[in-house]
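**Student:** Numbering (the working numbering), first residue to last: 5 to 337.
I am attaching a structure below and will ask some questions about it afterwards.
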């Protein structure tokens, strides 16, 4: 590397380091890790502490988005040699991110570069940073890093514009999982109860209604014409209720013990509970889609729209896709 300055963004402030000889640092790893060797080639040129925790968060947010803030530009122009144009500069500024370097170069005309050697020197600066500043201890540095890390993380979560999308993605994933699980569990209820009342499967096809009928009927021998009103209340059809009673009277199924019936009932209750929660989750997803992407939901339906958002990762990503990519997403399961 031909440059002789390094910019380091710490949790405490901006540090500008002058590097006397980059070639000497490239000889061995010990030149970076050994503080005495490293200190012979790298010297602190200037340091600008952050004025407060809010200022630190603002500056680091800008750096993470590759933006050169006014404070950073002022700090560099004040402490670096004067530059009229990038091509005439006799030095280069090493930075950790190429995009940040481009932003700094655009604002100050200071030539910046980011490569492997720059990264190694910045690593050494990070390791020995407190040795360059007499008033900054390792404990103070750790405390500043921890506080800034918490603030930065909270800010990122708080200002995540896709957090509503995340709720939709989680809801549709859970809805698909519930559909598979409920179908699997209902098949188990059908197989289990069919040993006692096999004819009920042909009369009641709906999974949810079948589970409710198992819970209502229990022992088929107890069914009579007096049971028709209760069956009708569940099925919503008197003729179907009569078919269930007639099928029970002529059933070829075996008798069932009380302990077996208790276990079947308990499992049927679980299945019904899952099915009812699935309906509530679908209503929640519809409401969420109406808030986040009402037009998309109106075009293709809430379920398909939610799956498209899930495949794309977010509504913003989906909006950026060309039509051909959306077509491919629609073909995926």
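Just so it is clear, CB atoms sit at the ideal spot from N, CA and C, and this is done for glycine as well.
Based on DSSP bridge pairs, tell me the residues matched to residue 23.
**Tutor:** For the purposes of this step, residue 23 is taken as residue 19 along the chain shown, with counting starting at 1. 46, per the DSSP bridge assignment.
**Student:** Can we say the segment 208-227 touches the segment 242-258, given the rule of at least three CB pairs closer than 8 Å?
**Tutor:** yes
**Student:** Residue 281 by DSSP, collapsed to three states: which one?
**Tutor:** Sequence index remark: in the chain shown, residue 281 carries index 277 (1-based). The answer is helix: DSSP assigns residue 281 an H, G or I state.
**Student:** DSSP beta-bridge partners for residue 117?
**Tutor:** Translated into the one-based positions of the chain shown, residue 117 becomes position 113. Partner(s): 98.
**Student:** For residue 315, count neighbouring Cβ atoms within 10 angstroms of its own Cβ and tell me buried if that reaches 16, exposed if not.
**Tutor:** As a first step, residue 315 is located in the chain shown; it is residue number 311 there, counting from the start. Label assigned to residue 315: buried.
**Student:** Round the Cβ separation of residue 258 and residue 200 to the nearest angstrom and send it over; I've been treating them as touching at under 8 Å.
**Tutor:** Reading the chain shown from its first residue, position 254 is the one you call residue 258. Reading the chain shown from its first residue, position 196 is the one you call residue 200. The pair is a contact, with the Cβ atoms about 6 Å apart (cut-off 8 Å).
**Student:** Helix, strand or coil, according to DSSP, for residue 240 in the structure here?
**Tutor:** Here residue 240 refers to the residue found at position 236 when the chain shown is read from its first residue. Looking at residue 240 - three-state DSSP - the assignment turns out to be coil, as it is neither helix nor strand.
**Student:** If I'm right that residue 53 touches residue 100 with Cβ under 8 Å, what's the distance once you round it to whole angstroms?
**Tutor:** Taking the chain shown and counting its residues from 1, one reaches residue 53 at position 49. Taking the chain shown and counting its residues from 1, one reaches residue 100 at position 96. That belief does not hold up - the Cβ atoms of residue 53 and residue 100 are roughly 19 Å apart, past 8 Å.
**Student:** Could you spell out the range, first to last residue, of the beta strand (DSSP E) harbouring residue 212?
**Tutor:** Indexing the chain shown from 1 puts residue 212 at position 208. Element bounds for residue 212: not the beta strand (DSSP E) but the alpha helix (DSSP H), 211-221.
**Student:** Just the Cα atoms here: how many angstroms apart are residue 168 and residue 104?
**Tutor:** In the chain shown, the residue the question calls residue 168 occupies position 164. In the chain shown, the residue the question calls residue 104 occupies position 100. So the two alpha carbons sit approximately 30 Å from each other.
**Student:** Where does residue 262 sit, in a helix, a strand or coil, going by DSSP?
**Tutor:** Your numbering for residue 262 matches position 258 in the chain shown. Three-state result, residue 262: helix.
**Student:** Going by the CB atoms, is the gap between residue 175 and residue 310 shorter than 9 Å?
**Tutor:** On the chain shown, position 306 is the one that residue 310 refers to. On the chain shown, position 171 is the one that residue 175 refers to. The answer is yes: Cβ separation under 9 Å.
**Student:** Count the CB pairs spanning the segment 185-203 and the segment 271-280 that are closer than 8 Å, and state whether there are at least three.
**Tutor:** yes
**Student:** For residue 13, report the span of its beta strand (DSSP E) as first-last.
**Tutor:** Here residue 13 refers to the residue found at position 9 of the chain shown. First-last of the beta strand (DSSP E) with residue 13: 9-13.
**Student:** Compute the Euclidean distance between the alpha carbons of residue 5 and residue 139, then round it to the nearest angstrom.
**Tutor:** Start at 1 with the first residue of the chain shown, and residue 5 comes out as number 1. Start at 1 with the first residue of the chain shown, and residue 139 comes out as number 135. Confidence at residue 5 is low in this model, with a pLDDT of 41, below 50, so its placement is unreliable and the value that follows should be read with caution. If you take the alpha carbons of residue 5 and residue 139, they lie about 31 Å apart.
**Student:** Rounded to whole angstroms, what's the CA-CA distance from residue 14 to residue 113? Just pull it up for me.
**Tutor:** For the purposes of this step, residue 14 is identified with residue 10 of the chain shown, where counting begins at 1. For the purposes of this step, residue 113 is identified with residue 109 of the chain shown, where counting begins at 1. Using only the alpha carbons, I get a separation of about 23 Å.
**Student:** Below 9 Å between beta carbons: does that hold for residue 80 and residue 63?
**Tutor:** Looking up residue 80 in the chain shown gives position 76. Looking up residue 63 in the chain shown gives position 59. Their beta carbons are not under 9 Å apart, which means residue 80 does not touch residue 63 by this criterion.
**Student:** Go to residue 67, then tell me how far its alpha helix (DSSP H) extends in each direction, as first and last residue.
**Tutor:** Mapped onto the chain shown, residue 67 falls at position 63. Per DSSP, residue 67 belongs to the alpha helix (DSSP H) from 57-68.
**Student:** Three-state secondary structure (DSSP) at residue 273?
**Tutor:** On the chain shown, residue 273 is found 269 positions in, with the first residue counted as 1. In the structure shown, residue 273 sits in a helix (DSSP, three-state: H, G or I).
**Student:** Kindly say whether residue 57, judged by its beta-carbon, lies nearer than 9 Å to any beta-carbon of chain D.
**Tutor:** This model lacks chain D altogether, as it is built from one protein chain only.
**Student:** From the DSSP output, in three-state form, read off residue 206 for me.
**Tutor:** Looking up residue 206 in the chain shown gives position 202. Note: residue 206 maps to helix in three-state DSSP.
**Student:** Just the C-alpha distance for residue 130 and residue 137, rounded to the nearest angstrom, thanks.
**Tutor:** In the chain shown, the residue the question calls residue 130 occupies position 126. In the chain shown, the residue the question calls residue 137 occupies position 133. The alpha-carbon atoms of residue 130 and residue 137 are separated by roughly 12 Å.
**Student:** Does the Cβ of residue 292 have 16 or more other Cβ atoms within 10 Å, making it buried, or fewer, making it exposed?
**Tutor:** The count along the chain shown starts at 1 and reaches residue 292 at position 288. The residue in question, residue 292, is buried, as its Cβ has 16 or more Cβ neighbours within 10 Å.
**Student:** Could you round the C-beta distance between residue 125 and residue 10 to whole angstroms and report it? I think they count as a contact, below 8 Å.
**Tutor:** Against the chain shown, residue 125 aligns to sequence position 121. Against the chain shown, residue 10 aligns to sequence position 6. The pair is a contact, with the Cβ atoms about 5 Å apart (cut-off 8 Å).
**Student:** Would you mind reading off the limits of the alpha helix (DSSP H) that contains residue 319?
**Tutor:** For the purposes of this step, residue 319 is identified with residue 315 of the chain shown, where counting begins at 1. Taken as a continuous stretch (DSSP letters only), the alpha helix (DSSP H) holding residue 319 covers 319-324.
**Student:** Hey, quick one: how far does the alpha helix (DSSP H) through residue 308 stretch, first residue to last?
**Tutor:** To locate residue 308, count along the chain shown from 1; it is residue 304. Run containing residue 308: 306-316, per the alpha helix (DSSP H) assignment.
**Student:** If you draw a straight line from the alpha carbon of residue 213 to that of residue 268, how long is it in whole angstroms?
**Tutor:** Residue 213 sits at position 209 when you count from the first residue of the chain shown. Residue 268 sits at position 264 when you count from the first residue of the chain shown. Near 15 Å, if we compare the C-alpha coordinates of residue 268 and residue 213.
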